[in-house]
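Q: What follows is a structure written as structure tokens; I'll ask about it next.
Number of protein chains: 2
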Amino acid sequence: MKRHSKQRELIMKSLKKLDHPTAAEIHDDIKLEYPKISLGTVYRNLSELADSKIILRLPSSDGADRFDWNTDEHFHAHCTVCGKVFDLFGLLPREAVDSLDKAVEEHTGLSVSSREISFKGICKDCAKNKNFQ
Amino acid sequence: MKRHSKQRELIMKSLKKLDHPTAAEIHDDIKLEYPKISLGTVYRNLSELADSKIILRLPSSDGADRFDWNTDEHFHAHCTVCGKVFDLFGLLPREAVDSLDKAVEEHTGLSVSSREISFKGICKDCAKNKNFQ
DNA sequence: AGTGATAATAGGAACTATTACTATTTATAG
DNA sequence: CTATAAATAGTAATAGTTCCTATTATCACT
Chain Z
23 MKRHSKQREL
33 IMKSLKKLDH
43 PTAAEIHDDI
53 KLEYPKISLG
63 TVYRNLSELA
73 DSKIILRLPS
83 SDGADRFDWN
93 TDEHFHAHCT
103 VCGKVFDLFG
113 LLPREAVDSL
123 DKAVEEHTGL
133 SVSSREISFK
143 GICKDCAKNK
153 NFQ
Chain H
23 MKRHSKQREL
33 IMKSLKKLDH
43 PTAAEIHDDI
53 KLEYPKISLG
63 TVYRNLSELA
73 DSKIILRLPS
83 SDGADRFDWN
93 TDEHFHAHCT
103 VCGKVFDLFG
113 LLPREAVDSL
123 DKAVEEHTGL
133 SVSSREISFK
143 GICKDCAKNK
153 NFQ
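For the protein sequence lines, the chains are Z and H, in the order given. The numbering of the first sequence is our numbering, which starts it at 23 and goes up by one. The numbering of the second sequence is our numbering, which starts it at 23 and goes up by one.
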């Protein structure tokens, strides 16, 4: 990531527009105005941006990973039916997270570099539309 | 899961023996004494057992999912280098988890059915052996 | 502006974890 | 013992992601 590229610029723009999109969703969106962008380019840029902590990767156990342009400390809730992601700011104060990290390091000897704190359930819309079972 | 099977019995035995194994690790282990077991059978049984809450699925963002025979409420720390999983009992008391769920439901309208609270870092052994970078 | 070094891309092949399919085997109720 | 249908083995198929390579684009230095 030493050089600028039109593609990376479009990826950042799309990421901010789309609300926790997947790589494929970003790719589809960009193709509308720049049809020759490659899916591999989207994946590579998202991974590099996440590695550089410029964006956040939201790992998903079932479907595809999603991405978040907002790197302020916050957690997420995932709808298991439609995949939508909800932001949770200020749920766990910073001091609480720090003390959890410390407890983990004492119990396991593992030096914590990141946490994965997310909630799963069925969102209001999916519950209303009975999009499940 | 209405009928007993030799294969499911071996899967449970291997799961308890192996310390948070993946489906492939269980398959490899069982093949030693029962070579004709199919990997599909291992996956199907693990999924059914997890759906029935008899065992726990530990989703992994990078590699393969791991499984835990102990369904008591506890969280996990994952070494990002070797994949080893450490148990964390009593880190977050039940009441804390319940109140987090409640806060999430109030903020998002999503009805929480499960949480994913795990920590990532480099374990003592990998740090010592410099198995990284 | 021109040029050389090399970073980044497009497009497709390859890979990994997992699920689906189907003919065969096996468990178990009666 | 036998009929029914659950479970399996083996393989094909799928989804998400990474890898590979020839080509294109960026940018530091003229």
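Ideal Cβ placement from N, Cα and C applies to all residues, glycine included. Predicted model only: the values in this text are computed from it and were never measured.
Less than 8 Å between CB atoms is the rule here; does Leu71(H) satisfy it with respect to chain Z?
A: As a working mapping, residue 71(H) is identified with position 49 in the second sequence. It does not; no Cβ of chain Z falls within 8 Å.
Q: Going along chain H, which residues have a C-beta under 7 Å from Thr44(Z)?
A: Along the first sequence, one-based indexing puts residue 44(Z) at 22. Result: empty, since nearest Cβ-Cβ is about 14 Å, beyond 7 Å.
Q: Which residues in the same chain have their Cβ closer than 8 Å to the Cβ of Ile59(Z), if we skip the five residues on either side of it in sequence?
A: Here the question's residue 59(Z) lines up with position 37 in the first sequence. These residues qualify, in order along the chain: Gln29, Leu32, His49, Ile52, Lys53.
Q: Please classify Gln155(H) as buried or exposed, where buried requires at least 16 neighbouring CB atoms within 10 angstroms.
A: As a position in the second sequence, residue 155(H) is number 133, starting the count at 1. Because the pLDDT at Gln155(H) is just 48, under 50, the model does not fix this residue reliably, and the value given afterwards should be weighed accordingly. Answer is exposed; the Cβ neighbour count stays below 16.
Q: Apply the 10 Å Cβ neighbour rule to Glu47(H) and answer buried if 16 or more other Cβ atoms are within range, or exposed otherwise.
A: Taking the first residue of the second sequence as 1, we reach residue 47(H) at position 25. By the neighbour-count rule (16 or more Cβ atoms within 10 Å), Glu47(H) is buried.
Q: Apply the 10 Å Cβ neighbour rule to Asp123(Z) and answer buried if 16 or more other Cβ atoms are within range, or exposed otherwise.
A: For the purposes of this step, residue 123(Z) is identified with residue 101 of the first sequence, where counting begins at 1. Label assigned to Asp123(Z): buried.
Q: Take Lys38(H) and list the residues in its own chain whose beta-carbon comes closer than 8 Å to its own, dropping the five residues that flank it on each side.
A: Along the second sequence, read from residue 1 onward, the residue named residue 38(H) stands at position 16. Excluding residues within five positions, the ones whose Cβ falls inside 8 Å are Trp91.
Q: Which chain H residues are close to Ser133(Z), counting only those with a beta carbon under 9 Å from its beta carbon?
A: As a working mapping, residue 133(Z) is identified with position 111 in the first sequence. Within 9 Å Cβ-Cβ: Gly143, Ile144, Cys145, Lys146, Ala149.
Q: Would you identify the three-state DSSP class for Glu70(H), choosing helix, strand or coil?
A: Counting from one through the second sequence, the residue named residue 70(H) turns up at place 48. In the structure shown, Glu70(H) sits in a helix (DSSP, three-state: H, G or I).
Q: Taking Cβ positions only, does Ser36(Z) come closer than 8 Å to chain H?
A: Position 14 of the first sequence holds residue 36(Z). False, the Cβ-Cβ gap to chain H never drops below 8 Å.
Q: If you count every other CB in all the chains shown that lies within 10 Å of the CB of Phe108(H), and 16 or more means buried, which is it?
A: The residue given as residue 108(H) occupies position 86 in the second sequence. Buried, by the Cβ-count rule.
Q: For the alpha helix (DSSP H) that contains Ala21(H), what are its first and last residues?
A: The requested residue 21(H) is not part of the displayed model; chain H covers only 23 to 155.
Q: Do you know offhand how far Cys148(H)'s Cα is from Asp147(Z)'s?
A: Against the second sequence, residue 148(H) aligns to sequence position 126. Against the first sequence, residue 147(Z) aligns to sequence position 125. Taking the straight line joining both Cα atoms gives about 45 Å.
Q: Judging by CA-CA distance, which residue of Gly112(Z), Thr63(Z), Arg66(Z), Asp87(Z) is the nearest neighbour of Asp41(Z)?
A: Taking the first residue of the first sequence as 1, we reach residue 41(Z) at position 19. Closest option to Asp41(Z), Cα to Cα, is Asp87(Z).
Q: Span of the alpha helix (DSSP H) holding Leu40(Z)?
A: One-based indexing of the first sequence puts residue 40(Z) at position 18. Looking at the DSSP string, the run of the alpha helix (DSSP H) that includes Leu40(Z) is 28-40.
Q: At a CB-CB cut-off below 8 Å, which residues of chain H make contact with Leu122(Z)?
A: Numbered from its first residue, the first sequence carries residue 122(Z) at position 100. Those are Leu113, Leu114, Phe141, listed as they occur along chain H.
Q: With 16 as the cutoff for other CB atoms within 10 Å, does Asn67(H) come out buried or exposed?
A: Counted from its first residue, the second sequence places residue 67(H) at position 45. Its Cβ being crowded by 16 or more others within 10 Å, Asn67(H) is buried.
Q: Consider the Cβ of Leu110(H): report whether some Cβ of chain Z lies at a distance smaller than 8 Å.
A: Translated into positions along the second sequence, residue 110(H) becomes position 88. So yes, Leu110(H) belongs to the interface.
Q: Under 8 Å, with one C-beta from each stretch per pair, do the region 114-121 of chain Z and the region 73-81 of chain Z reach the 3-pair mark?
A: The region 114-121 of chain Z is not in contact with the region 73-81 of chain Z.
Q: On the DSSP letters alone, give me the boundaries of the beta strand (DSSP E) that Leu113(Z) sits inside.
A: As a working note, residue 113(Z) is residue 91 in the first sequence. Counting along the chain, Leu113(Z) falls outside any beta strand (DSSP E), and DSSP gives it neither H nor E.
Q: Pick helix, strand or coil for Asp123(H), following the three-state DSSP scheme.
A: Here residue 123(H) is taken as the residue at index 101 of the second sequence, counted from 1. Note: Asp123(H) maps to helix in three-state DSSP.
Q: Shorter than 8 Å from the beta carbon of Pro57(H) to some beta carbon of chain Z?
A: If you number the second sequence from 1, residue 57(H) lands on position 35. Pro57(H) does not count as touching chain Z.
Q: Just to confirm, are Ala45(H) and Thr130(Z) a CB contact at a threshold of 8 Å?
A: Within the second sequence, numbered from 1, the residue matching residue 45(H) stands at position 23. Within the first sequence, numbered from 1, the residue matching residue 130(Z) stands at position 108. In this structure, Thr130(Z) does not lie closer than 8 Å to Ala45(H) by Cβ.
Q: Beta-carbon within less than 8 Å of Lys150(Z)'s beta-carbon, same chain only, minus the 5 sequence neighbours each way: which residues are those?
A: Numbered from 1 along the first sequence, position 128 holds the residue referred to as residue 150(Z). Excluding sequence neighbours, Lys150(Z) sits near nothing in its chain.
Q: Tell me, which residues are paired with Arg25(Z) by DSSP?
A: The residue labelled residue 25(Z) in the question sits at position 3 within the first sequence. DSSP, once it has assigned bridges, lists no residue as partnering Arg25(Z).
Q: How is the alpha helix (DSSP H) around Ile52(Z) delimited, first residue to last?
A: The sequence position of residue 52(Z) within the first sequence is 30, counting from 1. Element bounds for Ile52(Z): 45-53.
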